[in-house]
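Reminder that position 319 of the sequence shown reads as 319 in full-length UniProt numbering, one-by-one numbering, no gaps.
Using N, Cα and C, we set each Cβ at its ideal position, and we do this for glycine too.
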Amino acid sequence: MIKFLDLQKITAKYADEIHDAVLRVVDAGWYLQGNENKTFETNYSNYIGTQYTIGCANGLDALIWIFRAYLEMGVMKPGDEVIVPANTYIASILAITENGLKPILVEPDIETYQIDDSKIEKAITDRTKAILIVHLYGQCAYTEKIGEICKKYRLKLIEDNAQAHGCLYKNQKTGSLGDAAGHSFYPGKNLGALGDAGAVTTNDEKLAEIIRAVANYGSSQKYVFQYCGRNSRLDEIQAAVLTTKLKHLDEDVALRQEVAKRYINEITNPKIILPKISNWKSHAFHLFPIRCTERDRLQAYLTEQGIQTIIHYPIPPHKQTCYKEMNHISLPITEQIHKEELSLPISPVMTEEEMEEVVFGVNKFK
Numbered sequence: 001m002i003k004f005l006d007l008q009k010i011t012a013k014y015a016d017e018i019h020d021a022v023l024r025v026v027d028a029g030w031y032l033q034g035n036e037n038k039t040f041e042t043n044y045s046n047y048i049g050t051q052y053t054i055g056c057a058n059g060l061d062a063l064i065w066i067f068r069a070y071l072e073m074g075v076m077k078p079g080d081e082v083i084v085p086a087n088t089y090i091a092s093i094l095a096i097t098e099n100g101l102k103p104i105l106v107e108p109d110i111e112t113y114q115i116d117d118s119k120i121e122k123a124i125t126d127r128t129k130a131i132l133i134v135h136l137y138g139q140c141a142y143t144e145k146i147g148e149i150c151k152k153y154r155l156k157l158i159e160d161n162a163q164a165h166g167c168l169y170k171n172q173k174t175g176s177l178g179d180a181a182g183h184s185f186y187p188g189k190n191l192g193a194l195g196d197a198g199a200v201t202t203n204d205e206k207l208a209e210i211i212r213a214v215a216n217y218g219s220s221q222k223y224v225f226q227y228c229g230r231n232s233r234l235d236e237i238q239a240a241v242l243t244t245k246l247k248h249l250d251e252d253v254a255l256r257q258e259v260a261k262r263y264i265n266e267i268t269n270p271k272i273i274l275p276k277i278s279n280w281k282s283h284a285f286h287l288f289p290i291r292c293t294e295r296d297r298l299q300a301y302l303t304e305q306g307i308q309t310i311i312h313y314p315i316p317p318h319k320q321t322c323y324k325e326m327n328h329i330s331l332p333i334t335e336q337i338h339k340e341e342l343s344l345p346i347s348p349v350m351t352e353e354e355m356e357e358v359v360f361g362v363n364k365f366k
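Structure (structure tokens):
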């Protein structure tokens, strides 16, 4: 079986370095908010190109804390609206509703799967305070038009960079394109920890200060609490692992791009719709999404051929039970993508033989 993502194999690639990093933490005897955290935050800021990185427990928390900080700053208030792509993982929406804000769903472009910037302006009202763009599947969602809209209407631009570590927009890293960005280091991400982990990047000093506090029980000084916060800290072991793997991120993304190029050049089955790539540097290929009108039959067939695939995602957020108030909304493009999307195996450790088998299996489907 060709695994969709072989995490053991990916981790083994840097096993000696990771073992040394973990042992360093064990020997130090300091397991939270120590030097490893500071080192990772500094290195990640340098990599992304922002002044501040604030480590936290996971990617969802990272987004939650961004909106929470804007509420504390008076930039937003409960009931305000945030424009967000309808075609996204539910965490993007959860971060908005968790803060008492209202998500306004905008359809994606059917070819890129990213938010359609031609439809954003129509969704803006006098209650709109921000646009949350999601670099879905690893592809940059930012456009100059989105930047212009934010300036025109004085909106905050927030990035969900959970799936796009190593992605560029005109030689600028995603995660540095807006006012703030949330990052996930879930083990399966391009930059993955050995458990849950996340971070916020920003150039806004006040925002960074508040986020650091609310992620630490609401405290910026021990036993003194300015906010009602939570425990959402990045631990020292995960920080040490991330520092180790960050050194190899660009190399790993380049290997993912090579797998993607192979698929795009060699998958010729007319039943398959391949992702549209305008600029290779603007796609970090966290996932390789294809579309097929017979998606479920294709997935079953590939499973028989020993090729593991995953659907991203079977049910769009607005059709989930937890958002019953949105269930009536019709978003035909989003719904079409969710009915047809299938992600092929892609990783920096795929072998030539595995790539050949995937290409052969997809092309043989009738």
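- CA-CA distance, R154 to Y142, rounds to 17 Å.
- In the DSSP assignment, C56 falls outside any alpha helix (DSSP H) and within the unbroken beta strand (DSSP E) covering Y52 to C56.
- Straight across, the Cα-Cα distance linking R230 with I333 is about 37 Å.
- For the segment 226–255, the full-length alpha helix (DSSP H) segments reaching 4 residues or more read 236–246 along the chain.
- A distance of 9 Å or more separates the beta carbons of C322 and A215.
- Three or more Cβ pairs closer than 8 Å define a contact, and the segment 248–257 falls short of that threshold against the segment 90–107.
- Inclusion of I158 and D179 in the CB contact set at 9 Å is warranted, their separation being smaller than that value.
- Residue state for N216 is assigned as strand, using DSSP reduced to three classes.
- Comparing alpha-carbon positions, the option among L168, G192 and F67 lying closest to I131 turns out to be F67.
- Here Y169 is bridged, per DSSP, to Q172.
- For T202, the beta-bridge partners assigned by DSSP are Y52 and A180.
- Ranked by Cα distance from Q305, the options P85, H312, N87 and F360 are led by F360.
- In this structure, the alpha-carbon of P85 lies about 19 Å from that of D61.
- Collapsing the DSSP output to three states places I310 in a strand.
- Burial check for L23: the Cβ neighbour count within 10 Å stays below 16, so the residue is exposed.
- Listed in chain order, the beta strand (DSSP E) runs fully inside the segment 72–119 are 81–85 and 102–106, counting runs of at least 3 residues.
- For the pair T125 and I104, the CB atoms are nearer than the 9 Å cut-off.
- Judged by DSSP secondary structure, L157 falls within the beta strand (DSSP E) whose first and last residues are K156 to D160.
- Relative to P78, the option among K151, K102 and Q221 whose CA is nearest is K102.
- The Cβ atoms of Y52 and A208 sit closer than 9 Å to each other.
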